[in-house]
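What follows is a set of notes on a single structure, which appears directly below.
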Amino acid sequence: MTWLILISVIILWASSFIGIKLGLNSFSPEALALFRYLTASIFIFLIYLGTSAKKKPNLKQFMLLLGCGITGVTIYNLALNYAELSVSPAIASFVIGMMPVCSLIISVFVFKDKVKKRAWSCVAISVCGLFVILLADLYHSQNLHASLLGFLSLVIAVVGMAIYTNIQRVLLKEGFKPLEMTAWSIWLGTFCLLFFLPETIVQMAHASMEDILAVVYLGIFPAAIAYVGWGYAISKLPFTKVVTALYFSPVFVILMQWSILGEFPFWLTIVGGGISVFGALLLARQKM
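In the working numbering, the protein residues as written are 1 to 288.
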């Protein structure tokens, strides 16, 4: 059952790369992030009302939850949205797929998880793959400056999500359930996005119904439901096995980008992504 939930999370998160691309037709990156997570906040609040025991965070736990909201919701989504202004969903998914590498590295320094020395060569392989993806993007790009900014935004998103995932490990040890942890993270992350409320309201009034529905979908499924599923998965399965499952996300993104947007990534991008994923898988195996 847990593995089925995890696979569903991967597919839902893969669809978010396509939904973001569609939503950016009518919304700015900031407005898209706020509209999406206002929807997620309302949806998860309705679910939260039906739960029995609700843990009240102390000051330390509240700060950890705030850290989750800022890194995993505010920073991650703003950075990813900005990135998809100039890069394709496939490229975005390949780079975001390096989150487990970043997360595992953080776990080494913060949680003192032990990794064999050869693991750093695996990191080097993944980084080489990322450079291949970047070169492919720059080669085919008509705006080098925008492509570089998009790639940098993806790196920021990866770091944000990696920090978010590691903070979750602490909160789980503090006794928080996946739903509670996710709800607080989404609410606090959304609160940090409220600065963009005026422009969001204006853009909603002029957006097409198709783009509005795309953002609502993003808020309910890849955000609220998938985040809860992710929290549940890391509470039930070994951490390294859960993050390793993320490496399959780009496959679903490529299929969706091809079938929905009619775009197929350049072969050099796929090669670079394959190299990065290979290095990441090798790194994960060092810990198993």
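Note that the Cβ used here is the ideal one computed from N, Cα and C, for glycine as well.
In this text, all values refer to a predicted model and were calculated from it rather than measured experimentally.
Report the rounded CA-to-CA distance for residue i versus residue j, giving the unit in angstroms.
i                 : j                : result
isoleucine 260    : arginine 36      : 20 Å
alanine 226       : serine 8         : 8 Å
leucine 64        : isoleucine 167   : 7 Å
alanine 59        : serine 185       : Per the sequence presented here, residue 59 reads as leucine, with alanine not at that position. About 15 Å.
serine 276        : alanine 245      : 14 Å
methionine 273    : alanine 92       : The sequence shown places glycine at residue 273, not methionine. Glycine 273 and alanine 92: Cα-Cα distance of roughly 10 Å.
leucine 85        : leucine 49       : 37 Å
alanine 146       : isoleucine 5     : 36 Å
glycine 97        : proline 250      : 7 Å
serine 107        : methionine 209   : 43 Å
valine 127        : glycine 150      : 17 Å
isoleucine 20     : methionine 1     : 29 Å
arginine 169      : phenylalanine 17 : 25 Å
serine 15         : asparagine 77    : 14 Å
alanine 233       : leucine 218      : 20 Å
serine 235        : leucine 138      : 40 Å
isoleucine 156    : glycine 72       : 11 Å
phenylalanine 252 : valine 158       : 19 Å
valine 123        : tyrosine 164     : 20 Å
isoleucine 201    : asparagine 81    : 18 Å
leucine 12        : alanine 136      : 27 Å
cysteine 102      : glycine 160      : 10 Å
isoleucine 125    : isoleucine 254   : 22 Å
leucine 130       : valine 95        : 7 Å
Using DSSP with H/G/I as helix, E/B as strand and the rest coil, what is residue i?
i                 : result
threonine 190     : helix
methionine 209    : helix
glutamate 199     : helix
asparagine 58     : coil
valine 295        : One cannot answer for residue 295 here, as it falls past the ends of the chain, which runs 1 to 288.
serine 141        : coil
phenylalanine 264 : coil
valine 87         : coil
methionine 98     : coil
glycine 289       : This structure cannot speak to residue 289, because the chain is shown only from 1 to 288.
phenylalanine 176 : coil
glycine 50        : coil
proline 238       : coil
methionine 1      : coil
arginine 169      : helix
Tell me which same chain residues have a C-beta within less than 7 Å of the C-beta of residue i, skipping the five on either side of it?
i           : result
lysine 173  : none
valine 132  : Leu268, Val271, Gly272, Ile275
alanine 207 : Ser26, Phe27
glycine 67  : Ile167
proline 178 : Val228, Gly231, Tyr232, Ser235
alanine 33  : Asn77, Leu78, Asn81, Leu193
Only counting the same chain, and skipping five residues up and downstream in sequence, which positions put a Cβ closer than 6 Å to that of residue i?
i                 : result
serine 41         : Ile186, Trp187, Thr190
isoleucine 44     : Ala183, Ile186, Ala224
glycine 69        : Ser185, Leu188, Gly189
serine 141        : Ser147
valine 216        : Thr39
phenylalanine 278 : none
With a threshold of 8 Å on Cβ separation, who are the neighbours of residue i within its own chain once the five nearest residues in sequence on each side are excluded?
i                 : result
aspartate 211     : Leu22, Gly23, Asn25, Ser26, Phe27
glutamate 199     : Ser28, Glu30, Ala31
tryptophan 3      : Leu237
phenylalanine 248 : Ile10
lysine 54         : Tyr48, Glu180
Q) In the stretch 14-41, which residue ranges form an unbroken beta strand (DSSP E) of at least 3 residues, counting only runs that do not cross its ends? A) none
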